[in-house]
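Engineer: Numbering (the UniProt record's numbering), first residue to last: 1 to 170.
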Amino acid sequence: MWVRIIEIHLNAVPTLLGDVFLCSTEILSTLLNILEAVRNRTTLAENRAKEQIKELRVHAIDTLTRLKTLDKQVLQLETYLKEVNDTFLATKQELNKEYTNQKTIIDNQIEGLGTEKSTVLEDESKRLDKKISDNINNKLVPQMRGLGDGFVNIDDTVSNLSTVSEAEQQ
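(1) For ALA45, which residues of its own chain have a beta-carbon under 7 angstroms away from its beta-carbon, when the five flanking residues on both sides are left out?
(2) Tell me, please, whether the stretch 88-107 touches the stretch 52-63 by the rule of three or more beta-carbon pairs shorter than 8 angstroms.
(3) Run through DSSP, which three-state label would ASP149 get?
(4) Say whether the stretch 125-138 touches the stretch 82-102, bearing in mind that this needs 3 or more beta-carbon pairs closer than 8 angstroms, one atom from each stretch.
(5) So is TYR99 buried or exposed if we call it buried at 16+ other beta carbons inside 10 Å?
(6) Could you give the distance in angstroms between the alpha-carbon of ASP71 and the alpha-carbon of GLU78?
(7) With a threshold of 16 other CB atoms inside 10 Å of the CB of SER29, please say whether the residue is buried or exposed.
(8) Using a beta-carbon distance below 8 angstroms, is GLU94 in contact with chain E?
(9) Would you kindly work out how many angstroms separate the C-alpha atoms of GLU26 and GLU36, rounded to a whole number?
(10) Is it buried or exposed, SER125, if we count other Cβ atoms within 10 angstroms and call 16 or more buried?
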């Protein structure tokens, strides 16, 4: 009887070994499929990452190019604003000089004339004051508004000229 039990068990071993082999083959096949899927996903992720890096490089180069262009434009604008400011200051000096010369001439003429003609000359003086003020307000002020810090404050300059003009009239 023992022999028969051992014989049955021994006959069952190859079948069991075959079943174990089949199971292990299926397990290995499944593991290989899983590894292949992981590898494919990793490859896809790597490819996407490489494409994104390329896009980022192109974008960074484009951004740097734009920044360089903007830097050049800022320098050109600063140069232009400096030229406008210099022109404004030169024109202001010329207008102040013309104003002073005209005022001196009119004052000298008023002193040399009688009281009858002095009112005519005072009117002419006021007209010239208005003309100079209008030139400043209509030509220079619009150019200089909004230029920012570091430039002449045009509103203060105009009010100073007006104050000087009023003081001289009195």
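Cβ atoms here follow ideal geometry from the backbone N, Cα and C, with glycine treated the same way. None of these values were measured; they are calculated from a predicted model.
Structural biologist: Let me spell this out:
(1) Take ALA45, set aside five residues on each side of it, and no residue of its chain has a beta-carbon closer than 7 angstroms to its own.
(2) No, the stretch 88-107 does not touch the stretch 52-63.
(3) With a pLDDT of 48 at ASP149, under the threshold of 50, the modelled position of that residue is not reliable, and no figure is offered here.
(4) In the pairwise beta carbon analysis, the stretch 125-138 is classified as touching the stretch 82-102: at least three pairs are separated by under 8 angstroms.
(5) With 16 or more other Cβ atoms within 10 Å, it is buried.
(6) So the two alpha carbons sit approximately 11 angstroms from each other.
(7) Counting of Cβ neighbours within 10 angstroms places SER29 among the exposed residues, the total staying below 16.
(8) In the structure shown, chain E does not exist; there is a single protein chain.
(9) Cα-Cα distance, rounded: 15 angstroms.
(10) It is buried - the Cβ of SER125 has at least 16 other Cβ atoms within 10 Å.
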